[in-house]
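The next block holds one structure in the form of C-alpha coordinates; read it before the comments.
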Amino acid sequence: MSDSPAGHVARSTVRPHSETTRPTPLRTFLHTDDGVSVDSVYDPATVVYDSSRPSAGELVFVVAHGFTGDVDRPHVRRVVEAFTRYGAVVTFSFRGHGASGGRSTVGDREVRDLAAAVRWARELGHTRVVTVGFSMGGSVVLRHAALYRADGEEREGSAGAHTDAVVSVSAPARWYYRGTAPMRKLHWLVTRPEGRLVGRYGFRTRIHHREWNPVPLSPVEAVPRIAPTPLLIVHGDRDGYFPLDHPRMLAEAAGDHGELWLEPGMGHAEHAADDKLLARIGDWAGAQGG
-6 MSDSPAGHVA RSTVRPHSET TRPTPLRTFL HTDDGVSVDS VYDPATVVYD SSRPSAGELV
54 FVVAHGFTGD VDRPHVRRVV EAFTRYGAVV TFSFRGHGAS GGRSTVGDRE VRDLAAAVRW
114 ARELGHTRVV TVGFSMGGSV VLRHAALYRA DGEEREGSAG AHTDAVVSVS APARWYYRGT
174 APMRKLHWLV TRPEGRLVGR YGFRTRIHHR EWNPVPLSPV EAVPRIAPTP LLIVHGDRDG
234 YFPLDHPRML AEAAGDHGEL WLEPGMGHAE HAADDKLLAR IGDWAGAQGG
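Going by my numbering, the first residue of the sequence shown is number -6, and it counts up by one from there.
This is the structure we're talking about:
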(Lines of atoms letter the chains of each structure in order from A and count residues from 1; the text may use other names and numbers.)
(Lines give C-alpha, C1' and ligand atoms only; values in the text may rest on other atoms or scores of the structure.)
Protein backbone atom coordinates (compact mmCIF):
# COMPACT_ATOMS: atom_id res chain seq x y z
CA MET A 1 0.00 0.00 0.00
CA SER A 2 1.87 3.05 -1.23
CA ASP A 3 1.31 6.41 -2.87
CA SER A 4 1.16 6.91 -6.64
CA PRO A 5 0.05 9.66 -9.06
CA ALA A 6 -2.90 11.87 -8.34
CA GLY A 7 -6.46 10.62 -8.63
CA HIS A 8 -9.00 11.37 -11.34
CA VAL A 9 -12.55 12.51 -10.75
CA ALA A 10 -15.73 12.10 -12.70
CA ARG A 11 -16.34 15.18 -14.84
CA SER A 12 -19.18 17.40 -13.66
CA THR A 13 -20.79 20.43 -15.27
CA VAL A 14 -22.50 21.56 -12.06
CA ARG A 15 -21.44 24.92 -10.69
CA PRO A 16 -22.00 26.53 -7.26
CA HIS A 17 -25.37 28.18 -6.76
CA SER A 18 -25.82 31.90 -7.22
CA GLU A 19 -27.66 34.36 -5.00
CA THR A 20 -30.93 33.65 -6.82
CA THR A 21 -30.93 29.86 -6.51
CA ARG A 22 -31.73 27.73 -3.52
CA PRO A 23 -28.80 25.77 -2.04
CA THR A 24 -29.27 22.11 -2.98
CA PRO A 25 -26.86 19.30 -2.09
CA LEU A 26 -25.35 17.32 -4.95
CA ARG A 27 -24.40 13.66 -4.54
CA THR A 28 -22.23 11.62 -6.87
CA PHE A 29 -19.52 8.99 -7.02
CA LEU A 30 -16.00 10.14 -7.79
CA HIS A 31 -13.31 7.82 -9.14
CA THR A 32 -9.77 7.74 -7.80
CA ASP A 33 -6.68 7.07 -9.87
CA ASP A 34 -6.67 3.46 -8.67
CA GLY A 35 -10.29 2.90 -9.69
CA VAL A 36 -12.11 3.18 -6.37
CA SER A 37 -15.57 4.77 -6.37
CA VAL A 38 -15.99 7.34 -3.60
CA ASP A 39 -19.43 8.39 -2.39
CA SER A 40 -19.33 12.20 -2.26
CA VAL A 41 -21.66 15.06 -1.36
CA TYR A 42 -21.47 18.76 -2.22
CA ASP A 43 -23.36 21.18 0.06
CA PRO A 44 -23.53 24.79 -1.17
CA ALA A 45 -22.84 27.54 1.32
CA THR A 46 -25.74 28.91 3.30
CA VAL A 47 -23.92 32.17 4.00
CA VAL A 48 -25.47 35.22 2.32
CA TYR A 49 -23.12 36.47 -0.38
CA ASP A 50 -22.64 40.20 0.01
CA SER A 51 -19.91 42.82 -0.23
CA SER A 52 -18.83 42.18 3.36
CA ARG A 53 -17.85 38.58 2.47
CA PRO A 54 -16.48 38.82 -1.06
CA SER A 55 -14.67 35.49 -0.87
CA ALA A 56 -17.54 33.31 0.41
CA GLY A 57 -18.38 31.94 -3.03
CA GLU A 58 -14.76 30.99 -3.65
CA LEU A 59 -14.23 29.04 -0.43
CA VAL A 60 -14.94 25.33 -0.09
CA PHE A 61 -14.19 23.00 2.80
CA VAL A 62 -13.29 19.41 1.94
CA VAL A 63 -14.00 17.35 5.05
CA ALA A 64 -12.17 14.08 5.73
CA HIS A 65 -13.94 12.03 8.40
CA GLY A 66 -12.45 9.73 11.01
CA PHE A 67 -12.14 5.95 10.89
CA THR A 68 -15.56 4.18 10.71
CA GLY A 69 -17.29 7.43 9.71
CA ASP A 70 -19.07 8.19 6.43
CA VAL A 71 -20.95 11.03 4.74
CA ASP A 72 -24.28 10.07 6.33
CA ARG A 73 -23.15 9.82 9.94
CA PRO A 74 -24.86 12.45 12.12
CA HIS A 75 -21.57 13.72 13.56
CA VAL A 76 -20.20 14.25 10.04
CA ARG A 77 -23.36 16.02 8.88
CA ARG A 78 -23.15 18.31 11.91
CA VAL A 79 -19.66 19.39 10.84
CA VAL A 80 -20.94 20.01 7.31
CA GLU A 81 -23.81 22.15 8.58
CA ALA A 82 -21.43 24.25 10.67
CA PHE A 83 -19.04 24.91 7.79
CA THR A 84 -21.73 25.82 5.24
CA ARG A 85 -22.10 29.06 7.19
CA TYR A 86 -18.64 29.99 5.91
CA GLY A 87 -18.46 28.39 2.47
CA ALA A 88 -19.46 25.35 0.46
CA VAL A 89 -18.58 21.87 1.74
CA VAL A 90 -17.52 18.68 -0.01
CA THR A 91 -17.54 15.57 2.11
CA PHE A 92 -17.07 11.94 1.13
CA SER A 93 -16.82 8.44 2.52
CA PHE A 94 -13.30 7.09 2.50
CA ARG A 95 -12.72 3.85 0.62
CA GLY A 96 -14.14 0.90 2.52
CA HIS A 97 -16.56 3.16 4.40
CA GLY A 98 -20.30 3.44 3.83
CA ALA A 99 -21.28 3.24 0.16
CA SER A 100 -17.77 3.84 -1.19
CA GLY A 101 -15.94 1.01 -2.90
CA GLY A 102 -12.67 -0.64 -1.99
CA ARG A 103 -11.29 -1.39 1.45
CA SER A 104 -9.87 0.89 4.09
CA THR A 105 -6.09 1.09 4.30
CA VAL A 106 -6.40 3.17 7.50
CA GLY A 107 -4.72 6.29 6.15
CA ASP A 108 -2.44 5.11 3.33
CA ARG A 109 -4.30 5.11 -0.01
CA GLU A 110 -6.95 7.39 1.42
CA VAL A 111 -4.91 10.36 0.20
CA ARG A 112 -6.15 9.42 -3.28
CA ASP A 113 -9.76 9.68 -2.11
CA LEU A 114 -9.11 13.15 -0.73
CA ALA A 115 -7.31 14.19 -3.93
CA ALA A 116 -10.37 13.18 -5.97
CA ALA A 117 -12.65 15.21 -3.66
CA VAL A 118 -10.40 18.29 -3.89
CA ARG A 119 -10.32 18.06 -7.67
CA TRP A 120 -14.12 17.86 -7.74
CA ALA A 121 -14.38 20.94 -5.52
CA ARG A 122 -12.24 22.87 -8.00
CA GLU A 123 -14.25 21.56 -10.95
CA LEU A 124 -17.32 23.01 -9.25
CA GLY A 125 -15.73 26.43 -9.57
CA HIS A 126 -14.16 27.01 -6.15
CA THR A 127 -10.76 28.65 -6.10
CA ARG A 128 -9.98 28.37 -2.36
CA VAL A 129 -9.91 24.88 -0.88
CA VAL A 130 -9.45 24.17 2.82
CA THR A 131 -9.07 20.52 3.79
CA VAL A 132 -10.30 19.64 7.29
CA GLY A 133 -9.60 16.18 8.66
CA PHE A 134 -10.51 14.42 11.89
CA SER A 135 -8.46 11.61 13.51
CA MET A 136 -7.57 9.27 10.60
CA GLY A 137 -8.80 12.03 8.29
CA GLY A 138 -6.52 14.41 10.17
CA SER A 139 -3.51 12.30 9.23
CA VAL A 140 -4.76 12.07 5.64
CA VAL A 141 -5.06 15.85 5.16
CA LEU A 142 -1.48 16.28 6.39
CA ARG A 143 -0.09 13.65 4.03
CA HIS A 144 -2.25 14.89 1.15
CA ALA A 145 -0.95 18.46 1.55
CA ALA A 146 2.63 17.19 1.48
CA LEU A 147 2.14 14.90 -1.51
CA TYR A 148 -0.19 16.98 -3.69
CA ARG A 149 1.42 20.38 -3.98
CA ALA A 150 0.43 23.33 -6.12
CA ASP A 151 3.95 23.48 -7.53
CA GLY A 152 3.76 19.82 -8.55
CA GLU A 153 7.09 19.04 -6.93
CA GLU A 154 6.00 15.97 -5.01
CA ARG A 155 4.25 13.91 -7.66
CA GLU A 156 3.37 13.93 -11.33
CA GLY A 157 -0.17 14.97 -12.21
CA SER A 158 -0.94 16.71 -8.92
CA ALA A 159 -2.33 19.86 -10.57
CA GLY A 160 -5.79 20.69 -9.29
CA ALA A 161 -5.60 18.28 -6.36
CA HIS A 162 -3.75 20.60 -3.99
CA THR A 163 -5.21 22.42 -1.01
CA ASP A 164 -4.83 26.08 -0.04
CA ALA A 165 -4.99 25.54 3.73
CA VAL A 166 -5.04 22.55 6.07
CA VAL A 167 -6.84 21.88 9.35
CA SER A 168 -5.92 18.66 11.16
CA VAL A 169 -8.04 17.77 14.20
CA SER A 170 -7.17 14.97 16.69
CA ALA A 171 -4.57 13.44 14.38
CA PRO A 172 -1.77 11.04 15.31
CA ALA A 173 1.79 12.17 14.76
CA ARG A 174 3.25 8.70 14.23
CA TRP A 175 2.10 5.27 13.11
CA TYR A 176 1.52 2.11 15.16
CA TYR A 177 0.73 3.97 18.37
CA ARG A 178 -0.78 1.62 20.99
CA GLY A 179 -0.32 3.66 24.14
CA THR A 180 -4.03 4.05 24.99
CA ALA A 181 -6.83 1.52 25.41
CA PRO A 182 -8.88 2.90 22.47
CA MET A 183 -5.88 2.56 20.16
CA ARG A 184 -5.23 -1.00 21.30
CA LYS A 185 -8.85 -1.82 20.45
CA LEU A 186 -8.47 -0.13 17.07
CA HIS A 187 -5.37 -2.20 16.30
CA TRP A 188 -7.31 -5.36 17.15
CA LEU A 189 -10.08 -4.21 14.80
CA VAL A 190 -7.62 -3.64 11.95
CA THR A 191 -5.16 -6.51 12.36
CA ARG A 192 -7.31 -9.46 13.46
CA PRO A 193 -9.71 -11.36 11.16
CA GLU A 194 -12.42 -11.30 13.81
CA GLY A 195 -11.81 -7.59 14.29
CA ARG A 196 -12.28 -6.91 10.58
CA LEU A 197 -15.58 -8.81 10.73
CA VAL A 198 -16.70 -6.49 13.52
CA GLY A 199 -15.62 -3.54 11.38
CA ARG A 200 -17.59 -4.78 8.36
CA TYR A 201 -20.85 -5.67 10.10
CA GLY A 202 -20.72 -3.43 13.14
CA PHE A 203 -19.33 -0.22 11.66
CA ARG A 204 -19.97 -0.55 7.88
CA THR A 205 -16.20 -0.38 7.41
CA ARG A 206 -14.41 -2.89 5.19
CA ILE A 207 -10.75 -3.08 6.20
CA HIS A 208 -7.94 -4.34 3.98
CA HIS A 209 -6.21 -7.44 5.34
CA ARG A 210 -2.77 -6.57 3.93
CA GLU A 211 -0.16 -4.74 5.95
CA TRP A 212 1.42 -1.55 4.62
CA ASN A 213 4.24 -2.22 2.17
CA PRO A 214 5.99 0.14 2.06
CA VAL A 215 5.03 2.02 5.21
CA PRO A 216 3.62 5.38 4.08
CA LEU A 217 5.00 8.76 5.01
CA SER A 218 3.99 9.46 8.61
CA PRO A 219 2.07 12.61 9.59
CA VAL A 220 5.03 14.12 11.43
CA GLU A 221 7.28 13.45 8.42
CA ALA A 222 4.69 15.03 6.13
CA VAL A 223 4.25 18.27 8.06
CA PRO A 224 7.54 19.99 7.08
CA ARG A 225 6.68 19.44 3.41
CA ILE A 226 3.40 21.36 3.70
CA ALA A 227 4.97 24.82 3.97
CA PRO A 228 4.13 27.46 2.90
CA THR A 229 0.52 26.24 2.90
CA PRO A 230 -1.21 27.51 6.09
CA LEU A 231 -1.64 24.77 8.67
CA LEU A 232 -3.82 24.57 11.78
CA ILE A 233 -3.42 21.70 14.26
CA VAL A 234 -6.28 21.22 16.74
CA HIS A 235 -6.23 18.75 19.63
CA GLY A 236 -8.15 18.24 22.85
CA ASP A 237 -6.39 17.92 26.18
CA ARG A 238 -8.75 15.04 27.05
CA ASP A 239 -8.25 13.08 23.85
CA GLY A 240 -8.54 9.42 24.80
CA TYR A 241 -6.79 8.16 21.66
CA PHE A 242 -3.72 10.34 21.21
CA PRO A 243 -2.11 12.22 24.13
CA LEU A 244 -0.70 15.71 23.81
CA ASP A 245 2.75 14.64 22.66
CA HIS A 246 1.18 13.94 19.26
CA PRO A 247 -0.02 17.49 18.46
CA ARG A 248 3.12 18.94 20.01
CA MET A 249 5.29 16.79 17.73
CA LEU A 250 3.28 17.96 14.73
CA ALA A 251 3.53 21.61 15.78
CA GLU A 252 7.27 21.34 16.31
CA ALA A 253 7.67 19.79 12.87
CA ALA A 254 5.56 22.58 11.36
CA GLY A 255 7.70 25.36 12.76
CA ASP A 256 6.61 28.92 12.03
CA HIS A 257 4.11 28.01 9.31
CA GLY A 258 1.87 25.99 11.65
CA GLU A 259 -0.56 27.04 14.37
CA LEU A 260 -1.50 24.83 17.34
CA TRP A 261 -4.76 25.00 19.30
CA LEU A 262 -4.84 22.85 22.43
CA GLU A 263 -8.51 22.78 23.46
CA PRO A 264 -9.30 22.49 27.19
CA GLY A 265 -11.82 19.76 28.00
CA MET A 266 -12.04 18.49 24.42
CA GLY A 267 -12.05 14.77 23.65
CA HIS A 268 -11.50 13.13 20.28
CA ALA A 269 -12.38 14.16 16.71
CA GLU A 270 -15.83 15.10 15.32
CA HIS A 271 -17.82 13.94 18.33
CA ALA A 272 -15.83 16.27 20.59
CA ALA A 273 -15.70 19.30 18.28
CA ASP A 274 -18.47 21.58 19.51
CA ASP A 275 -20.18 24.30 17.49
CA LYS A 276 -17.99 27.04 18.95
CA LEU A 277 -14.80 25.24 17.90
CA LEU A 278 -16.17 24.58 14.41
CA ALA A 279 -17.07 28.26 14.12
CA ARG A 280 -13.54 29.26 15.10
CA ILE A 281 -12.15 26.88 12.48
CA GLY A 282 -14.52 28.42 9.94
CA ASP A 283 -13.27 31.91 10.85
CA TRP A 284 -9.64 30.74 10.58
CA ALA A 285 -10.28 29.22 7.17
CA GLY A 286 -11.99 32.35 5.90
CA ALA A 287 -9.02 34.46 6.96
CA GLN A 288 -6.51 32.44 4.93
CA GLY A 289 -5.55 33.82 1.54
CA GLY A 290 -6.15 31.78 -1.60
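For glycine and all other residues, C-beta sits at the position ideal for the given N, C-alpha and C.
Just so it is clear, the structure is predicted and the values come from calculations on it, not from any experiment.
Item, Value
"Are the beta-carbon atoms of residue 131 and residue 162 separated by less than 8 angstroms?", "yes"
"Helix, strand or coil for residue 208, going by three-state DSSP, please let me know.", "coil"
"Whole angstroms are fine: how far does the CA of residue 86 sit from the CA of residue 58?", "7 angstroms"
"Between the stretch 211 to 227 and the stretch 101 to 119, can you find at least three pairs of beta-carbon atoms closer than 8 angstroms?", "no"
"If you run the structure through DSSP and keep just helix, strand and coil, what is residue 261?", "coil"
"If you draw a straight line from the alpha carbon of residue 183 to that of residue 202, how long is it in whole angstroms?", "8 angstroms"
"Quick check: what's the CA-CA separation for residue 231 versus residue 61?", "21 angstroms"
"Under 8 angstroms, do residue 286 and residue 110 count as touching if we go by C-beta distance?", "As shown, the chain starts at -6 and ends at 283. That puts residue 286 outside it, with no answer to give."
"Quick check on the burial criterion: 16 or more other C-beta atoms within 10 angstroms. Buried or exposed for residue 17?", "exposed"
"With respect to the beta strand (DSSP E) encompassing residue 121, which residues constitute its N-terminal and C-terminal limits?", "121 to 127"
"Could you tell me how far apart the beta carbons of residue 274 and residue 125 are, in whole angstroms, since I believe they sit closer than 8 angstroms?", "7 angstroms"
"Return the chain-ordered list of same chain residues with a C-beta closer than 6 angstroms to the C-beta of residue 266, the five sequence neighbours on each side being excluded.", "none"
"Please classify residue 47: does DSSP put it in a helix, a strand, or coil?", "Since pLDDT at residue 47 reaches only 41, below the 50 mark, its modelled position is unreliable, and the value read off the structure follows with that caveat. Three-state DSSP puts residue 47 in coil, outside helix and strand."
"Measure the Cβ-Cβ separation of residue 240 and residue 136 and say whether it is below 8 angstroms.", "no"
"Using C-beta distances below 7 angstroms, list every residue in its chain close to residue 104, excluding the 5 sequence neighbours before and after it, in chain order.", "-4, 133, 136, 137 and 140"
"Measuring straight from C-alpha to C-alpha, what distance separates residue 190 and residue 249?", "44 angstroms"
"For the candidate residues 198, 280 and 31, whose alpha-carbon lies nearest to that of residue 223?", "280"
"With DSSP as the reference, label residue 170 as helix, strand or coil.", "coil"
"Measuring straight from C-alpha to C-alpha, what distance separates residue 296 and residue 69?", "Nothing in the structure corresponds to residue 296, since the chain is present only between -6 and 283."
"With residue 92 as the anchor, note down where its alpha helix (DSSP H) starts and where it stops.", "No alpha helix (DSSP H) holds residue 92; DSSP gives it neither H nor E."
"Looking at residue 262 and residue 128, is the spacing between their C-beta atoms short of 8 angstroms?", "yes"
"Drop a sphere of 10 angstroms on the beta-carbon of residue 177, count the other beta-carbons inside from all chains shown, and report buried for 16 or more, exposed for fewer.", "exposed"
"Whose C-alpha, out of 271, 229 and 246, is nearest the C-alpha of residue 255?", "229"
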